[in-house]
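Engineer: Questions regarding the structure given below will be posed in turn.
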Amino acid sequence: MSRTRIEVPPDAAGSRIDAFLASAVPGLSRAAAQRLLEGGFVLAGAEPVKKNFRLSGGEALDVELPEARDSAVAPEQIPLDIVYEDSDVIVVNKPRGLVVHPAAGHENGTLVNALLAHCGDSLSGIGGEKRPGIVHRIDKDTSGLLIIAKNDRAHQSLSEQLKTRTLSRVYDAVVIGGLREDSGTIDAPIGRSPRDRKKMAVVPGGRPAVTHYHVQARYEGYTHVRCKLETGRTHQIRVHMAHIGHPVAGDPLYGPKNDRTGLGGQCLHARELTFVHPTSGEILHVSCPLPPYFTAFLQKISRGEWYEQI
1 MSRTRIEVPP
11 DAAGSRIDAF
21 LASAVPGLSR
31 AAAQRLLEGG
41 FVLAGAEPVK
51 KNFRLSGGEA
61 LDVELPEARD
71 SAVAPEQIPL
81 DIVYEDSDVI
91 VVNKPRGLVV
101 HPAAGHENGT
111 LVNALLAHCG
121 DSLSGIGGEK
131 RPGIVHRIDK
141 DTSGLLIIAK
151 NDRAHQSLSE
161 QLKTRTLSRV
171 YDAVVIGGLR
181 EDSGTIDAPI
191 GRSPRDRKKM
201 AVVPGGRPAV
211 THYHVQARYE
221 GYTHVRCKLE
231 TGRTHQIRVH
241 MAHIGHPVAG
251 DPLYGPKNDR
261 TGLGGQCLHA
271 RELTFVHPTS
281 GEILHVSCPL
291 PPYFTAFLQK
301 ISRGEWYEQI
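Its first residue numbered 1, the sequence shown is counted upward by one per residue in UniProt numbering.
What follows is the structure, given as structure tokens:
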């Protein structure tokens, strides 16, 4: 077992502890959190916490995490575009269409399958057997940079950086329509959509979510923007841009139903990562260029093609 301490933020007051743990510990499902609670592996002070406990905010929780089991996921020889790698972390440039970790309907052919073939046993077990080493995720049809931990110490360090917002993530996107301002901040809480459980939405009482954007170029009917995440909610950029009336081009979930872009998915690319190295303490900045699908779409809209009115 390995022990990790989690400081409960004030905005988690009123949350059930199992739901909070599932969001705070990378790769931990709510069911797995309940099993830890039932087993007495979550402590507040010296006392085990019951699974129906509601947080007050400000607690310090000590969580005993079981040692990683042998992964049931099979290694697969899938090419990886490795941007940075050392004994603690690996940063890959994920192509669009590649699922990050196995799940129902995607049991193989994922990034995790490829990582197991490349790294062997040197991946953090904190994420669980289905997602070893995965610190954060990007959607299947979002391309770009993803950081993976090779050991539990690195995983805990990077997860803490995500929590304290010192791990910086910058995305490029093409959105529909012309943004009024050249830059701005979207500060709107995100939670599960009450109308469609497959979608996220800006909802009262949702988790805090902040996206900063800067216009890179303007085209007829479209805008190329660069977005910096201050938080990391599910589908954050896609939800926020749709919320202000400028959904990401090609987005099948949050964009218009009569999509005519031909993109086959959202035009969204994770371009830059900045983080503190878990061992050396050095600040590392990693970037990758825009992928061909993105640059090809920019060329088309620069010529006035694929105009889409919403």
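Just so you know, even glycine gets a beta-carbon here, dropped at the ideal spot from N, CA and C.
Just so it is clear, the structure is predicted and the values come from calculations on it, not from any experiment.
By Cβ distance, which residues of its chain are closer than 8 Å to glutamate 282, with the 5 residues on each side in sequence left out?
Structural biologist: Only Val276 meet the Cβ criterion.
Engineer: Note the first and the last residue of the continuous beta strand (DSSP E) segment covering glutamate 7.
Structural biologist: Segment 2-7, the beta strand (DSSP E) holding glutamate 7.
Engineer: Does asparagine 151 come out as helix, strand or coil in the three-state DSSP assignment?
Structural biologist: Coil, per DSSP.
Engineer: What did DSSP end up calling lysine 228 once you bin it into helix, strand or coil?
Structural biologist: Here lysine 228 sits in strand by DSSP.
Engineer: Where do the N-terminal and C-terminal ends of the alpha helix (DSSP H) with lysine 300 fall, by residue?
Structural biologist: Element bounds for lysine 300: 292-302.
Engineer: What residue range does the beta strand (DSSP E) around isoleucine 283 cover?
Structural biologist: Unbroken beta strand (DSSP E) run through isoleucine 283: 283-287.
Engineer: In the DSSP output, which residue or residues are listed as bridge partners for leucine 268?
Structural biologist: Leucine 268 is bridged to Ala173.
Engineer: To which residues does DSSP link valine 83 through a beta bridge?
Structural biologist: According to DSSP, which records beta bridges pairwise, valine 83 is partnered with nothing at all.
Engineer: Hey, valine 99 and leucine 111 are a contact pair by Cβ (cut 8 Å); roughly how many whole angstroms apart?
Structural biologist: Between leucine 111 and valine 99 the Cβ distance is about 7 Å, and since that is below 8 Å, they are a contact.
Engineer: Just tell me which of Ile17, Leu162, Gly184 has its CA closest to the CA of isoleucine 244.
Structural biologist: Answer by Cα proximity: Gly184.
Engineer: Of the choices Ala32, Glu47, Glu7, Leu37, whose alpha-carbon is the least far from that of serine 56?
Structural biologist: The shortest C-alpha separation from serine 56 is found at Glu7.
Engineer: Here's a check: name, in chain order, each residue in its chain whose Cβ is nearer than 6 Å to the Cβ of glycine 255, leaving out the five neighbours to either side.
Structural biologist: Hits under 6 Å: Pro247.
Engineer: Have a look at valine 49 and alanine 22 and give me their C-alpha separation to the nearest angstrom.
Structural biologist: Near 15 Å, if we compare the C-alpha coordinates of alanine 22 and valine 49.
Engineer: Report the rounded CA-to-CA distance for histidine 224 versus aspartate 172, giving the unit in angstroms.
Structural biologist: Looking at the two C-alpha atoms, the distance is approximately 7 Å.
Engineer: Between the C-alpha atoms of glutamate 272 and leucine 284, what's the straight-line distance to the nearest angstrom?
Structural biologist: Distance between the alpha carbons of glutamate 272 and leucine 284: 11 Å.
Engineer: Quick one: is histidine 136 near chain D, going by C-beta distance under 8 Å?
Structural biologist: Here chain D cannot be found, since the structure has a single protein chain.
Engineer: Do isoleucine 82 and phenylalanine 53 have their beta-carbon atoms positioned less than 8 Å apart in this structure?
Structural biologist: In this structure, isoleucine 82 does not lie closer than 8 Å to phenylalanine 53 by Cβ.
Engineer: Round the Cβ separation of tyrosine 219 and serine 302 to the nearest angstrom and send it over; I've been treating them as touching at under 8 Å.
Structural biologist: Indeed they touch by this definition, with Cβ atoms about 6 Å apart.
Engineer: Figure out for me which residue from Val210, Arg195, Gly58 has the closest Cα to the Cα of threonine 231.
Structural biologist: When each option's Cα is compared against that of threonine 231, the closest is Val210.
Engineer: Quick one: residues in its chain with C-beta nearer than 6 Å to the C-beta of arginine 226, no 5 flanking neighbours on either side, listed in chain order?
Structural biologist: Answer for arginine 226: Asp172, His214, Gln216, listed in chain order.
Engineer: Using a Cβ-Cβ cut-off of 8 Å (strictly less than) and excluding sequence neighbours within five positions of arginine 3, which residues of its own chain qualify?
Structural biologist: Correct list, in chain order: Asp62, Val63, Glu64, Leu65.
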